[in-house]
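Undergrad:
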Amino acid sequence: SDPKYDHHPSVVFFPGPLMFCSFTRGRVGTNEQVDIYGVWGIIDGDSYHWDWTGLVISHNRDNLDDDLSDLSLSYGGNMVCLWTGEDGEHSQDDLEIYFRYYDGKPPIVMKTKPEDGDTDVPVDVDILIFFDELIDIDTVNSDTISIKGKISGERNWEEPQLDYSQEEKLFQLTLPLIGNFSEGDEVTITVEGVEDYYNNPCDRYVSTFWTEGSSQRFMDDKVYPWPNPVSADTVNIRMTLYHNTHLTFEIYDVAGRRIKTIEQDVEPRGEYDFPLFIGDLGSDVYIVVLTAESLETDDEKQFIQKIAVVR
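Have a look at this one:
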């Protein structure tokens, strides 16, 4: 750095709640450890770097004795200033300050629009994916990011285009999908491989919504048991439900005798596995009759499945 800055202390002042401009997770509770590894000052286009072993933190210019552990950080609208200069005067013009901050590896929070669980979404919708932190733009532009979509378990879409929105200081991914959806589609979005600004990997994210028309049919026609054959005490009956539904399972032997009946109301929206207890059945082939009745309409469907129990 320029020698004229080597021996002049720089002090960071917080006039109110501190905003890290999405470079951190935001709120840090009192007495939590806060590590600031370096401060980069950019003055008139020239960069200066200080490796500080400690910082003097103050909420105002008159009190310079506050300890880091007493600092409470939160999102807000206040400016962060670096006060520096040969004669101790502060300088703000053409000055930016960046904190490299760590408190473990908090996951970046993602959300989508349409939101997870939405129903009756217009078929001409574009999907927006928002991140509450800055993500690594180089990562997004490389092959490491994976944003996959499934439409009713069959159709897929191409890799998305990237759009950076400064509004709300969020990164925004736009999936231009107009014309890709049909009525009654179940749409699943999976986002993985994203890294934050400091290359911490983000958690895998999955979101599901349903397009308009799905409310007109309360479940898909594809219903099947798994595993099959089954040696365990439970067999799962997989189905996709769009309404709160009353399920009735009737189990028959091959001679047509009804062995047991199980009834239950369920509230899932989407793919669902109903655990059907068969621990009291011996080795044989059985017929499972499922009657599904929507609790929101008068619709009713019936399915017949065969399971093989092996003991």
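Residues in the sequence shown are numbered consecutively from 486, following my numbering. No residue lacks a Cβ here, since even glycine has one placed at the ideal position from N, Cα and C. These numbers were taken from a predicted model, which means no experiment stands behind them.
(1) Given that a residue counts as buried once 16 or more other Cβ atoms are within 10 Å of its Cβ, and exposed if not, what is Pro712?
(2) Using CA coordinates, which residue listed in Asp765, Glu778, Ile789 and Asp784 is at the minimum distance from Arg796?
(3) What's the C-alpha gap between Asp531 and Thr693?
(4) In whole angstroms, what separates the C-alpha of Lys791 from that of Val715?
(5) Here's the rule: buried if 16 or more other CB atoms are within 10 angstroms of the residue's CB, otherwise exposed. What is Pro607?
(6) Please name the residue or residues paired with Glu668 in a DSSP beta bridge.
(7) Please report the distance separating the alpha-carbon of Thr675 from that of Met595.
(8) Looking at the structure shown, is Ala793 part of a helix, part of a strand, or coil, going by DSSP?
(9) CB-CB under 6 Å to Phe759, same chain, minus the five flanking residues each way: which ones, in chain order?
(10) Contact check, Thr719 vs Ile763 under 8 Å by CB: the rounded distance?
(11) Which residue comes first and which comes last in the beta strand (DSSP E) that contains Arg702?
(12) For Tyr757, list the residues DSSP reports as bridge partners.
(13) Applying the criterion that 16 or more other CB atoms from any shown protein chain within 10 Å of the CB defines a buried residue, is Asp670 buried or exposed?
(14) Just the C-alpha distance for Val691 and Glu677, rounded to the nearest angstrom, thanks.
(15) Please name the residue or residues paired with Glu752 in a DSSP beta bridge.
(16) Taking Cβ positions, are His731 and Glu668 nearer each other than 9 Å?
(17) Considering only their Cβ atoms, is the gap separating Thr776 from Thr725 smaller than 9 Å?
(18) Between the alpha carbons of Tyr757 and Arg689, how many angstroms are there, rounded?
(19) From this set, Ile614, Gly755 and Tyr771, which residue's C-alpha is nearest Met704's C-alpha?
(20) Consult DSSP for Val715 and reduce its assignment to one of helix, strand or coil.
(21) By DSSP's criteria, Ala769 is part of a beta bridge. Which residues make up the other side?
(22) Please confirm whether Trp695 and Val672 have their CB atoms less than 9 Å apart.
(23) To the nearest angstrom, report how far apart Lys745 and Lys598 are at their CA atoms.
(24) Taking DSSP as the reference, what is the three-state secondary structure of Thr604?
TA: From the atom records:
(1) exposed
(2) Asp765
(3) With a pLDDT of 35 at Asp531, under the threshold of 50, the predicted position of this residue should be treated as unreliable, though the coordinate-derived value follows. About 47 Å.
(4) 11 Å
(5) exposed
(6) In DSSP, Glu668 forms no bridge with anything.
(7) 11 Å
(8) strand
(9) Ile722
(10) 7 Å
(11) Note, Arg702: premise wrong, no beta strand (DSSP E); not H, not E.
(12) Met724
(13) buried
(14) 9 Å
(15) Paired residue(s): none; Glu752 is not in a bridge.
(16) no
(17) no
(18) 21 Å
(19) Gly755
(20) strand
(21) The question names Ala, but residue 769 is Asp in the sequence shown. Note: Asp769 sits in a beta bridge opposite Val794.
(22) yes
(23) 44 Å
(24) coil
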